[in-house]
Amino acid sequence: MKSIDDVYEMYVRMLALISEITEYTAVDAIERSNKHFPTEEDLNPNQKLLHNRFIVLLQKNPEFQAAVNKYQINWNAEPDFIKTIYNKLKSTPEYAAYLAGDNEGLEESKEIIKFIFRKIILKSQNIIQAFEDRFINWSVDKEVMQGMVAKTLKNFTSEDPFENKLTPISLDWPEDSKFVQDLFTYTLKNYDKYQELIAERTKNWESERIALMDTILMKMAICELLNFPSIPVKVTINEYLDLSKDYSTPKSNSFINGILDKILGDLKRSNSIKKIGRGLIDE
Numbered sequence: 001m002k003s004i005d006d007v008y009e010m011y012v013r014m015l016a017l018i019s020e021i022t023e024y025t026a027v028d029a030i031e032r033s034n035k036h037f038p039t040e041e042d043l044n045p046n047q048k049l050l051h052n053r054f055i056v057l058l059q060k061n062p063e064f065q066a067a068v069n070k071y072q073i074n075w076n077a078e079p080d081f082i083k084t085i086y087n088k089l090k091s092t093p094e095y096a097a098y099l100a101g102d103n104e105g106l107e108e109s110k111e112i113i114k115f116i117f118r119k120i121i122l123k124s125q126n127i128i129q130a131f132e133d134r135f136i137n138w139s140v141d142k143e144v145m146q147g148m149v150a151k152t153l154k155n156f157t158s159e160d161p162f163e164n165k166l167t168p169i170s171l172d173w174p175e176d177s178k179f180v181q182d183l184f185t186y187t188l189k190n191y192d193k194y195q196e197l198i199a200e201r202t203k204n205w206e207s208e209r210i211a212l213m214d215t216i217l218m219k220m221a222i223c224e225l226l227n228f229p230s231i232p233v234k235v236t237i238n239e240y241l242d243l244s245k246d247y248s249t250p251k252s253n254s255f256i257n258g259i260l261d262k263i264l265g266d267l268k269r270s271n272s273i274k275k276i277g278r279g280l281i282d283e
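Quick note on numbering: the sequence shown equals residues 1 to 283 in full-length UniProt numbering.
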């Protein structure tokens, strides 16, 4: 559950980073005006990004404020880090075009934020390193985080900050949370029993030749088949085959598919699988 919460923290931390980059516009303006020989532009810098409509609404959003406080996020503690990112943004033609544009509405304000996120932040090795240092599962979870940020940009449509919502970790977290915990608990509770089912169908394989992750994934799949009557059999099999592609060896997909197919046949013959509703056994 902590690992899942880390994904949400990663998401909020990224939104806060984008916000801090826009806030640095004000710091940059002060630094430029304090030059020994400031130019007219230095004395009157364009601070359009500071008032970016999307960011203003985000900063006023109570859900965002609460999450920042919960995770104690403070990018101000690393001013040089933010300055480096901001200076890189300042040098881009996209930012120059943004500053040259007329007054922007909410939808228009999102375009420069998308650019900052996709082309500046996600391309910065320093930022990637900072997130990798803090989140051990960054390499896997970053795609989920990116999707959550993208949904936030899409879903912030109201000029009322209280109307906009952050992207939840799932559409029905109470139900999904119970599923995660039940899957974990039932798999461990029946670990030896599921190992016997796997051993029966891998007699010709030396145990050390079977990847540990393959065994774990097969046990989780068996757990779903036996303990979650509303999940169709085909959905379970396909999900764990997909997981094997991301988390195990190149040959794991076909191996797991073959073993699970045989185990599924055994479970059907013993009438061990009970499915209800749309989760009929043959689906």
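All residues carry an ideal CB built from backbone N, CA and C; glycine is no exception. Please read all numbers here as calculations on a predicted model, not as lab measurements.
Q) Just the Cα atoms here: how many angstroms apart are residue 243 and residue 217? A) 8 Å
Q. Going straight from the alpha carbon of residue 233 to that of residue 189, what length do you get?
A. 21 Å
Q. Contact check, residue 322 vs residue 117 under 8 Å by CB: the rounded distance?
A. Residue numbering for the chain in the displayed model covers 1 to 283; residue 322 lies beyond these limits and cannot be assessed.
Q) Would the stretch 176-189 and the stretch 75-84 be scored as touching if the rule is three or more Cβ pairs under 8 Å? A) no
Q) Going along the chain, which residues of its own chain have a beta-carbon closer than 7 Å to the beta-carbon of residue 241, five neighbours each way excluded? A) 253, 256 and 257
Q | Selected residue, minimal CA-CA separation from residue 90, among 74, 45 and 129 | A | 45
Q) Helix, strand or coil for residue 209 per DSSP? A) helix
Q) Does the beta carbon of residue 229 come closer than 8 Å to any beta carbon on chain C? A) Although the question refers to chain C, the structure presented lacks it and comprises just one protein chain.
Q | Supposed contact pair residue 54 and residue 110 - C-beta distance, whole angstroms, cut 8 Å | A | 5 Å
Q: Using a threshold of 8 Å, state whether the C-beta atoms of residue 186 and residue 227 are closer than that.
A: yes
Q. Can you tell me whether residue 283 is buried or exposed, with buried defined as 16 or more other CB within 10 angstroms of its CB?
A. With a pLDDT of 49 at residue 283, under the threshold of 50, the modelled position of that residue is not reliable, and no figure is offered here.
Q. On the three-state DSSP scale, how would you describe residue 133?
A. helix
(Q) Which residue wins for smallest C-alpha separation from residue 134, given the options 199, 14, 261 and 273? (A) 14
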